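*Asks:* Residue numbers (my numbering): 20 to 294. Here a beta-carbon is modelled for each residue, glycine too, at the ideal position from N, C-alpha and C. Small disclaimer: the values here were computed from a predicted structure and weren't measured.
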Ligand SMILES: [Zn+2]
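#1: Is the stretch 141-151 touching the stretch 179-196, taking contact as three or more C-beta pairs under 8 Å?
#2: Say the cut is 7 Å; is the CB of residue 128 nearer than that to a heavy atom of ligand 1?
#3: Might you give, ordered along the chain, the residues of its own chain that have their beta carbon closer than 8 Å to the beta carbon of residue 207, omitting 5 neighbours on each side?
#4: Please output, in chain order, the residues near ligand 1 using a CB cut-off of less than 5 Å to any non-hydrogen atom of the ligand.
#5: Within the stretch 138-196, note down every full alpha helix (DSSP H) run reaching 4 residues or more, in order along the chain.
#6: Just tell me which of 274, 217, 240 has its CA closest to the CA of residue 232.
#7: Which residues mark the beginning and the end of the alpha helix (DSSP H) in which residue 13 is found?
#8: Distance, Cα to Cα, residue 47 vs residue 96?
#9: Report the rounded CA-to-CA distance for residue 62 versus residue 68, giving the unit in angstroms.
#10: Grouping DSSP H, G and I as helix and E and B as strand, with all else coil, what is residue 206?
#11: Should residue 181 be labelled buried (16 or more other beta-carbon atoms within 10 Å of its own) or exposed?
#12: Could you give the distance in angstroms between the alpha-carbon of residue 136 and the alpha-carbon of residue 179?
#13: Can you tell me which of 292, 237, 288 puts its alpha carbon nearest to the alpha carbon of residue 57?
#14: Look at the alpha carbon of residue 119 and the alpha carbon of residue 139, and state the distance between them as a whole number of angstroms.
#15: Please report the residue range of the beta strand (DSSP E) in which residue 225 lies.
#16: Would you mind giving the Cβ-Cβ distance between residue 245 and residue 200, rounded to the nearest angstrom? I have them listed as a contact below 8 Å.
#17: Would you say residue 249 lies against chain D (beta-carbon separation less than 8 Å)?
#18: By the 10 Å Cβ neighbour count, where 16 or more other Cβ atoms means buried, how is residue 111 classified, buried or exposed?
#19: Does the beta-carbon distance from residue 248 to residue 98 come in below 8 Å?
#20: Look up residue 132 in the DSSP assignment and say whether it is helix, strand or coil.
#21: Taking the CB atoms as reference points, tell me whether residue 276 and residue 240 lie closer together than 8 Å.
#22: Can you name the start and end residues of the beta strand (DSSP E) that residue 94 belongs to?
#23: What does a CB cutoff of less than 7 Å around residue 237 pick up in its chain, not counting 5 residues either side in sequence?
#24: Which residue or residues does DSSP assign as beta-bridge partners of residue 240?
#25: Helix, strand or coil: which one does DSSP assign to residue 121?
#26: On the criterion of 16 or more Cβ atoms from any shown chain inside 10 Å, does residue 242 qualify as buried, or is it exposed?
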């Protein structure tokens, strides 16, 4: 049988549509799930399993912004350090903008620059645990090693500053985690703080305007934004970002305040908003 040209085009179109739908489905099924937080008492398996219901839940909440009553709160989080050049510049900028933030500090770096950790605490910012040595392969560690990293990190930080978040909030190094490491941290008493937006500010190509554009495009209410302490581009992106969120009615808070004041269901299902 000879297929006419229009018939061929129609068949091709059907195949293309099927491929696109299939791709979308595969994307939903294999894309890693990043819940903004996995609190100490949460069922980590359910949150991280990549289950289709978790994905659909998120897609539904993210695709259809409404005029809901979700709290317009945004938590800026800064990983790593402290660093002798960038961290003071970052603190100056945050002070000038009157923006509180949450710092996930590394034990080894804090030992090198304890006065900077004290300056962060003195500014009223929150200090939480980013492990002692920031292992490259944190997600491959066993439960005992995870616990050792967290306990050593906390002990180091507590030599210089006092903050309950040091023993209750952690973020995995490199943002990489597995169910095993998350459950180990939970058993050690920690809420695992992930993010609702990762603008990739650690990349060399992340210019201030690219960071700003990302957080604007993926803004949610509430929002936990993953940033880094050692990046000049990130500091330069702050004034524009902060102004935009404030114009959209957002208030800046620490992660601790977010956890204390917003129902967990709303943190886990942030709503997409235009800022
Ligand atoms: Zn880190």
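*Replies:* The short version:
#1: Taking 8 Å as the limit for Cβ pairs, the verdict is that the stretch 179-196 does touch the stretch 141-151.
#2: no
#3: If we look at residue 207 and ignore the five residues flanking it on each side, its Cβ neighbours are 165, 166, 169, 170.
#4: Result (chain order): 98, 99, 192.
#5: You should have 162-179.
#6: 217
#7: No information on residue 13 is available, as it lies outside the stretch 20 to 294 that the chain covers here.
#8: Summary for residue 47: the model assigns pLDDT 43, below 50, so the residue's position carries little reliability; its value from the coordinates is reported in the next sentence. Roughly 27 Å between the two C-alpha positions.
#9: 10 Å
#10: helix
#11: exposed
#12: Near 7 Å, if we compare the C-alpha coordinates of residue 179 and residue 136.
#13: 288
#14: 10 Å
#15: Careful: residue 225 lies outside any beta strand (DSSP E) and carries neither H nor E.
#16: In this structure residue 245 is not in contact with residue 200, their Cβ atoms being roughly 17 Å apart against a cut-off of 8 Å.
#17: Of the protein chains in this structure there is only one, and it is not chain D.
#18: exposed
#19: Yes, these two residues count as a Cβ contact at 8 Å.
#20: Coil at residue 132, not helix or strand.
#21: no
#22: 92-98
#23: Only 216 meet the Cβ criterion.
#24: 290
#25: Strand, per DSSP.
#26: Burial call: buried.
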